[in-house]
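Here the sequence shown is numbered in my numbering, starting from 2 and rising by one per residue.
Positions of the beta carbon are idealized from the N, C-alpha and C atoms, including for glycine.
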Amino acid sequence: MSEEKPLGTKVLRFLTVGVANTAIDFAIFALGLKLGLPPLAANVLAWVVAVTFSYVVNANWSFDRQRRHSEALPRFVAMGAVISLLVSSFAVGLLTDVIGLWPAKIGGTIVAAILNFIAARWSIENRFGR
2 MSEEKPLGTK
12 VLRFLTVGVA
22 NTAIDFAIFA
32 LGLKLGLPPL
42 AANVLAWVVA
52 VTFSYVVNAN
62 WSFDRQRRHS
72 EALPRFVAMG
82 AVISLLVSSF
92 AVGLLTDVIG
102 LWPAKIGGTI
112 VAAILNFIAA
122 RWSIENRFGR
């Protein structure tokens, strides 16, 4: 087994993946809207594509995976559904009329990203702290 990555390395890698993941999420969301999907449906489609990319890269590059993919992936997807999909859908569904569609999407993404780091460490590394 290789030496564990320092927490700072994990955070920087997670942020790097997050930037790419956000670009994918926003591109698929915009494509869904352009194709005529309702905002919530476009958001769910974007989330499915983005969470798949995020898991593959984070599990293999950002974190020190301690679980088999068959165990880590369902946890990662479940936590992503609870956190990022719920938060971003809540923002798109409830805040669009107040602050606009894209500000709602961006705000939901920022809040979800913060919560997702903790969830990713738990689902991939089997730990919350350290």
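Leaving aside the five residues that flank I25 on each side, the residues in its chain whose CB is nearer than 7 Å to its CB run, in chain order, V50, A51, F54.
For the pair A47 and R122, the Cα-to-Cα distance works out to about 22 Å. A contact between stretches requires three or more CB pairs, one per stretch, nearer than 8 Å, and the segment 80-97 meets this requirement with the segment 107-120.
Under the DSSP assignment, L32 falls in the alpha helix (DSSP H) whose first and last residues are 8-35. Here E126 carries a helix assignment [DSSP, helix/strand/coil].
Counting along the chain, D98 sits inside the alpha helix (DSSP H) bounded by residues 87-100. The segment 58-76 and the segment 15-24 touch, with no fewer than 3 CB-CB distances between them shorter than 8 Å. In terms of Cα proximity to E72, the closest of I125, L36, E4 is I125.
For S63, no alpha helix (DSSP H) segment is defined, and its DSSP state is neither H nor E.
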